[in-house]
Structures are given as C-alpha cells and as structure tokens.
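So in my numbering, spot 155 of the sequence shown is number 155, and the numbers just go up one at a time. Just so you know, even glycine gets a beta-carbon here, dropped at the ideal spot from N, CA and C. Everything numeric in this text was worked out from a predicted model, so none of it was measured. Taking it in order: structure first as structure tokens, then the write-up.
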Amino acid sequence: MNTVFDRPHALCDVVLHYCPGCTHGIIHRLVAECLDELGIEGKAIGIASVGCSVLTYNYFNCDMIQAAHGRAPAVATGAKRADPSNIVFTYQGDGDLAAIGTAETVHAAARGENITVIFVNNAIYGMTGGQMAPTSLPGQITQTSPYGRDTKTVGYPVKVCEMLSQVDGATYLERVAVNDVKNVKNAKRAIKKAFQNQIDGKGFSLVEVLSTCPTNWGLTPDKALKWLEDNMMPYYPLGVYKDKYAEEAK
C-alpha cells in the first residue's frame, strides 16, 4: 500500500510537548514540509525563541540555536551574515517578538536582513501562565486583565504586519491562520514563499500566523478555533501586507 501522508523528514520523530489543541504543532509541520520541498534542510538554521516555542530546537532536523528572550532576529542576523549560504529562520511567539523583541524585529526589517521570520500570534502569553500580551485584543480577559484589556490604560494591541509594512527594508509580510484546511494550505504557501525569498536573496520576510491557546483562553480545542475565527481574524485581517517584488513588477 502506498503511503499518502507521512511525517516530513525535517520534523523530528518525537512527541510534541504542546497542550492539546495548540496549533504550534501544525505550524511546525508546515515549516518542516517547506524545508523538505525546497531541499534546504541541510543548510537551514533555526533560531528558537523564548516562550512556548522555547523547545523548538527539539523538533527540527536542522541546526538550531537558542536565542535569549526577544533576540532571535539579532542572532539570525549573525548566523546569516557569517555564512550567507545558510537559510536562517526564526520561530517566535507574540510575547517574544512583539514585546521584548520589538526592536530586534523592526531593525532587522529596516536593514533588510535576508532572513525568514515565523511569527506565531495567539494573543496571550502562553508559557508563563496566560498574562496579557502586546497582541491581546481589546476587552480580552487574561490573568493580568481579569476585567478585559482596557485600551484607555494599557493601550491598543500591536499589529506587527501593519507596522512593518511601513519599514522600507521589509520585503514580504503576510498574515495567515491555521484554523481550517483552507487557511492551513494558504499558511504553507506563505511560509514557502518566505523561504524562497531568502533563497533568492530578496531580503526580510515575515509570516504572521494566527494561532490558538486553548489552555490559557480557557476553551476546548474546537471552541478555541472558533474564537480565533470570530475574534482574532476580524481584528487581525488575513492577507499580504507587503510584497515588494510583486509590487515592483506591476
């Protein structure tokens, strides 16, 4: 009997530590499939962030580096500049990339570093217990906003793709989701394009993936997917926010 679905070679044959219903596992698979299909596993270097994805280095069959909290783009810059033939990607959550790592993200984009950033946005701090994150929605209840995020006192969520779209050095920015089959397929297309851009030397690419956190949202996995669709997607619209080379070709 022919095998029609199997584990990507770039994804290690180990049990994931993520909570039931967490979509990090889906995103990991998509990244691994892209590494396989582009034939870049042997020269890929992943930069693991701090947060729920801190153990990313256990899951990919490529070289991995653990960065300090928020510093993944800076570490990726060093790995890429040390040997430009490396295919370097970061894998970061919103608490890492959009909070303590905001400066590294913005300036890596401003410099046009030829790296690929996978940004997982689940609108909450996951690993540390469900505190309000820079991406938590207005009115969202978290451990540190028990009455809902009050924009009058703590401000509004950071919209990373929209913000970086104004940075001249950014090449490709797209926001996707992994809440259903159609969006999962589209997410893979975006991630693959981000890697292809790096292979082609086109510069800084970031794919923002709207993800779930059933545990800290206090929802079952199926209801978490629905919450993402009903609440996150309207506030964080999916789509391409910048595609420099496509725009130039028009």
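Compute the beta-carbon to beta-carbon distance between I65 and A79, rounded to the nearest angstrom, for a pair I have assumed lies under 8 Å.
Counting from 1 along the sequence shown, the entry for residue 65 is found at position 65. Counting from 1 along the sequence shown, the entry for residue 79 is found at position 79. Indeed they touch by this definition, with Cβ atoms about 7 Å apart.
Out of C213, T56, A194 and Y156, point me to the one whose CA is closest to V240's CA.
As a first step, residue 240 is located in the sequence shown; it is residue number 240 there, counting from the start. The option with the nearest alpha carbon to V240 is A194.
Cβ shell of Q198 (< 7 Å), same chain only, five flanking positions each side left out:
The count along the sequence shown starts at 1 and reaches residue 198 at position 198. Once the five neighbours on either side are set aside, the close Cβ partners of Q198 are I87, N114, I115, T116 and S205.
Decide yes or no for the touch test of the region 167-179 against the region 124-134: beta carbon pairs closer than 8 Å, at least 3 of them.
no
Start-end ranges of the beta strand (DSSP E) lying completely within the region 217-250, minimum 3 residues
239-243
Option nearest R175 by Cα separation, candidates V181, Q166 and K159:
If you number the sequence shown from 1, residue 175 lands on position 175. Of the listed residues, the one whose Cα sits closest to R175 is K159.
Of all the options N58, Y18, R71 and L238, which has the alpha carbon lying nearest to the alpha carbon of K182?
Within the sequence shown, residue 182 is the residue found at index 182, counting from 1. Nearest option by C-alpha distance: L238.
If K242 sits next to S165, beta carbons under 8 Å apart, how far is it from one beta carbon to the other, in whole angstroms?
Position 242 of the sequence shown, counted from the start, is the residue given in the question as residue 242. Position 165 of the sequence shown, counted from the start, is the residue given in the question as residue 165. Yes, K242 and S165 are in contact; Cβ-Cβ is about 5 Å, under 8 Å.
Pop quiz: Q92 and F119 are said to be a contact at Cβ under 8 Å. What is the actual Cβ separation, rounded to whole angstroms?
Locating residue 92 in the sequence shown gives position 92, where the first residue counts as 1. Locating residue 119 in the sequence shown gives position 119, where the first residue counts as 1. Contact holds; Cβ gap of about 6 Å.
Three-way DSSP call (helix, strand, coil) for N183 in this model
Translated into the one-based positions of the sequence shown, residue 183 becomes position 183. Looking at N183 - three-state DSSP - the assignment turns out to be helix.
Note down, one range per segment and in chain order, each alpha helix (DSSP H) of at least 4 residues found wholly within the region 37-100.
72-82
Cβ atoms of E208 and N121: under 9 Å apart, would you say?
Translated into the one-based positions of the sequence shown, residue 121 becomes position 121. Translated into the one-based positions of the sequence shown, residue 208 becomes position 208. Contact: yes.
Taking only the alpha-carbon atoms, compute the straight-line gap between G203 and G112 and give it to the nearest angstrom.
Along the sequence shown, one-based indexing puts residue 203 at 203. Along the sequence shown, one-based indexing puts residue 112 at 112. Distance between the alpha carbons of G203 and G112 is about 5 Å.
Leaving out the 5 sequence neighbours to the left and right, which residues in its chain are closer than 8 Å to Y57 when beta-carbon positions are compared?
If you number the sequence shown from 1, residue 57 lands on position 57. G46, A48, M64, I65 and Q66.
Per-residue burial, V178 [other beta carbons within 10 Å of its own, 16 or more giving buried]:
Walking along the sequence shown from the start, residue 178 turns up at place 178. Label assigned to V178: buried.
Would you mind reading off the limits of the beta strand (DSSP E) that contains E174?
Locating residue 174 in the sequence shown gives position 174, counting from the first residue. Looking at the DSSP string, the run of the beta strand (DSSP E) that includes E174 is A170 to A177.
Selection from P234, G155, P8 and E247 that minimises the alpha carbon distance to L210
Taking the first residue of the sequence shown as position 1, residue 210 is located at position 210. Ranking the options by Cα distance to L210, first place goes to P234.
Taking buried to mean at least 16 other C-beta atoms within 10 Å of its own C-beta, is T77 buried or exposed?
Looking up residue 77 in the sequence shown gives position 77. Burial call: buried.
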